[in-house]
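Just so you know, the protein sequences line up as chains A and B, in that order. Sequential numbering from 303 applies to the first sequence in my numbering. Sequential numbering from 303 applies to the second sequence in my numbering.
Number of protein chains: 2
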Amino acid sequence: MNIYDIASQAGVSIATVSRVLNGSDKVSPRTRARVLEIIERSGYTPNIFAQGLGIGTIHAVGILVPDISDLFMADSVAFLERLLRARGYSSLLATSGFERESKEQQVQMLLSKKVDALILVGSTYAGAGVDPEETGYIRRAAEQIPVFLINGQVEGENIFSCVCDDYAAMYSITSQLIGRGHRRFLFLTDSGSYSALQKRAGHEDALRDAGITPDPALSLRMPNRIHPVRDQLLERTSERTPGDVSGSADASPEAPLRFDAVIATDDGMAVGAVKYAAARGLHLPDDLEIVGYNNSSLSVACEPELTSIDNLLSEMCEKTVHHLHEYLSGDHDQPRQVRLGWRLVERGTTKRS
Amino acid sequence: MNIYDIASQAGVSIATVSRVLNGSDKVSPRTRARVLEIIERSGYTPNIFAQGLGIGTIHAVGILVPDISDLFMADSVAFLERLLRARGYSSLLATSGFERESKEQQVQMLLSKKVDALILVGSTYAGAGVDPEETGYIRRAAEQIPVFLINGQVEGENIFSCVCDDYAAMYSITSQLIGRGHRRFLFLTDSGSYSALQKRAGHEDALRDAGITPDPALSLRMPNRIHPVRDQLLERTSERTPGDVSGSADASPEAPLRFDAVIATDDGMAVGAVKYAAARGLHLPDDLEIVGYNNSSLSVACEPELTSIDNLLSEMCEKTVHHLHEYLSGDHDQPRQVRLGWRLVERGTTKRS
């Protein structure tokens, strides 16, 4: 399969395919998606000589994610790999877990494999934003090759960040729900990463700006898995009877949780809340409104389908690969930080705004 | 974090952690899962000297998958990476798409990065089982390093396969449904891979053995995505009116599909069928029984939750990494083919058997 076949299958001109390959913004998102889909299916790799990427060299890009079983991470890697391949790059992927030592080790491993650039996906690589030495290994790597972060920000020479405005997204959805009369928000998160902290800050600032004091008892850390979240919510919202082992008369018994809206930092937890509501006989969205994050396939699997914040992952990946390609083509003057917007995808777990 | 911390957090002895790291089968699956989970979270990498893997060398294993945005693939890679890390190996991942040329290219790329073994995940690498030259690049790679296939089988020196018995799984679930009175099965698949062909063969043989002739009109290829499957089923089950453009009086009009059970080769399509049933007002499982495949997180997101075949992915990954480790430790006499069983996870879309 060559560029002519790609153009013919996509029903576009060769010039359009070429524009997609070169990351031009003169192609509509719909056409770009169709062309990339066909390229992906075909396994087509552009002739590297024709692209002037150097003779006899296929550039390899190292991609590091903490956990590939996470839907958001897996989708990111799939997008990136497809976009890189379309420009003639090979991808080498590795996973690091969430501990600093293993992140550092895996960055070293990718450097030892002679990659030409690094992409780090996920805000965990930005640390918690407190201790600069937490991200020292990224600055050291950037002395050798350019480093691109997706959904995380690190200061330093040769380091480029593309982030979603998680703070603004959470501020906005929280304000909307307050406007519809909600006061008691359950906030669910599975992580203490930079991105999770930004989301929480946006949520809590929106509460404070509306004169509501955030209640620490309503901010819960949970695994991002459907049944465990459902079960924990069922347990924590139950009245404890006096004879209950877990709430003896001596200890101060934990009061059952009461809330009228749920906001989660990932769809998995939000679907757990949908399951909790069904088990309690609550009607969505009248008795409870629920909002997830990442707009993953889980959000359309549940019933009712889940309203979710789309952080424009595919755009973040496209911008990143575009800047990386420009950089490796010789133009090192790329923007240090790109901040993208977000989009609320409204489905059955919220009332129409 | 060291092995003592791991043992303490898992509440087991150091000897047990060591057994898990060495792939011993004297550890219960539950304990092994707990220990591996803690190792994963901690980013712990065993001291390679202590493991006798050679001085100054960290072995790297190349893992190739066709599409990392597929849940089954992403989960496989996450399992493999964790298991390999626990034994002190680095993983280098790459994706290949589904075309032979790009598979071959990516295998070459991984070989050029000096990996010590290759793991190919997914039956697409086994081809359709017709043309031996389709898998020639795998035999050529195996002249240099051992190659391990998960869920696919290729004959050759230095090639090791671990497969789920997809044929038997499909034969069994089809027979169960026939026993409950079903006759018209809708069979949904998104692929023409070896594994998909095995699944179809098992399904159709069970029909034939019960005296039912498989109806080609009820065997559909669809994308593995929830809403497109729902929409296609709604359209194909609708009566066409005489004035309908798509079914003029001259052409022989396509009769609307009629079926009383749905079997899909992946959960995404099965959840699409669940959505179709809801849109039609059908009651599950009384009006329609639906079975998915892979037992992914989608199967517990939908309502009612989806009965699904679990192909014991985690066990396939464990066996593979165990044999790979034995091989790289010097024992080249590993079984050429390991065939594992499967498990039916019954949920709300089927009647109790």
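All residues carry an ideal CB built from backbone N, CA and C; glycine is no exception.
For residue i, the residue or residues it bridges with in DSSP
| i | result |
| --- | --- |
| Y595/B | I611/B |
| I461/A | V449/A |
| S262/A | In the structure displayed, chain A extends from 303 to 655; residue 262/A sits before or after that span and is not available. |
| Q639/A | S463/A |
| I365/A | L395/A, I421/A |
| R645/B | D612/B |
| L386/B | According to DSSP, L386/B bridges with nothing at all. |
Cutoff 7 Å: residue i Cβ touching any chain B Cβ
| i | result |
| --- | --- |
| L614/A | no |
| M411/A | yes |
| S371/A | yes |
| S310/A | no |
| C619/A | no |
| C604/A | yes |
| V367/A | no |
| V423/A | no |
| V593/A | no |
| D377/A | yes |
| E457/A | no |
| Q353/A | For Q353/A, the pLDDT reaches just 38, beneath the cut-off of 50, and the residue's location in the model is therefore unreliable, although a value from the coordinates is still provided. No, Q353/A does not count as interfacial toward chain B. |
| S320/A | no |
| S344/A | yes |
| R645/A | no |
| D307/A | no |
| L420/A | no |
Beta carbon proximity, residue i to chain A, threshold 7 Å
| i | result |
| --- | --- |
| S392/B | yes |
| V640/B | no |
| A528/B | Contrary to the premise, residue 528/B reads as Ile rather than Ala in this sequence. Yes, contact with chain A. |
| T437/B | no |
| T426/B | no |
| T567/B | no |
| L395/B | yes |
| E383/B | yes |
| V714/B | Nothing can be reported for residue 714/B: it is not among the residues displayed for chain B, which extend from 303 to 655. |
| A498/B | no |
| E401/B | yes |
Range of the contiguous alpha helix (DSSP H) that encloses residue i
| i | result |
| --- | --- |
| Q500/A | 496-511 |
| I316/B | 316-323 |
| L413/A | 402-414 |
| L490/B | That residue, L490/B, is in no alpha helix (DSSP H); its beta strand (DSSP E) goes 487-491. |
| A443/A | 438-444 |
| P606/B | Where P606/B is concerned, there is no enclosing alpha helix (DSSP H), given that its DSSP letter is neither H nor E. |
| R532/A | 528-538 |
| R582/A | 569-582 |
Residue i: first and last residue of the uninterrupted beta strand (DSSP E) it sits in
| i | result |
| --- | --- |
| A563/B | 563-566 |
| S371/A | Run containing S371/A: none; DSSP gives neither H nor E here. |
| V417/B | V417/B -> no beta strand (DSSP E), and no H or E assigned at all. |
| L522/B | 521-523 |
| L479/B | Segment 468-481 is the alpha helix (DSSP H) holding L479/B; no beta strand (DSSP E) there. |
Supposed contact pair residue j and residue i - C-beta distance, whole angstroms, cut 8 Å
| i | j | result |
| --- | --- | --- |
| D569/A | S598/A | 5 Å |
| L535/A | A575/A | 6 Å |
| Q639/B | S495/B | In fact, because the Cβ distance is near 18 Å, the residues do not count as touching under 8 Å. |
| L642/A | E617/A | 6 Å |
| L608/B | R649/B | 6 Å |
| I528/B | V564/B | Between V564/B and I528/B the Cβ distance is about 14 Å, and since that is not below 8 Å, they are no contact. |
| S497/B | G454/B | 7 Å |
| D467/A | W644/A | 6 Å |
| I447/A | S378/A | I447/A to S378/A, Cβ: 20 Å. No contact. |
| R402/B | E436/B | 6 Å |
| G399/B | R343/A | 7 Å |
| L522/A | T476/A | Actually they are not in contact, since the Cβ atoms of L522/A and T476/A sit about 16 Å apart, beyond 8 Å. |
| A376/B | I370/B | 6 Å |
| V531/B | M571/B | 5 Å |
| T397/A | P368/A | 7 Å |
| L590/B | L559/B | In fact, because the Cβ distance is near 12 Å, the residues do not count as touching under 8 Å. |
| F489/B | R502/B | 7 Å |
| I365/A | I308/A | Not quite, the Cβ-Cβ distance comes to about 24 Å (not below 8 Å), so this is no contact. |
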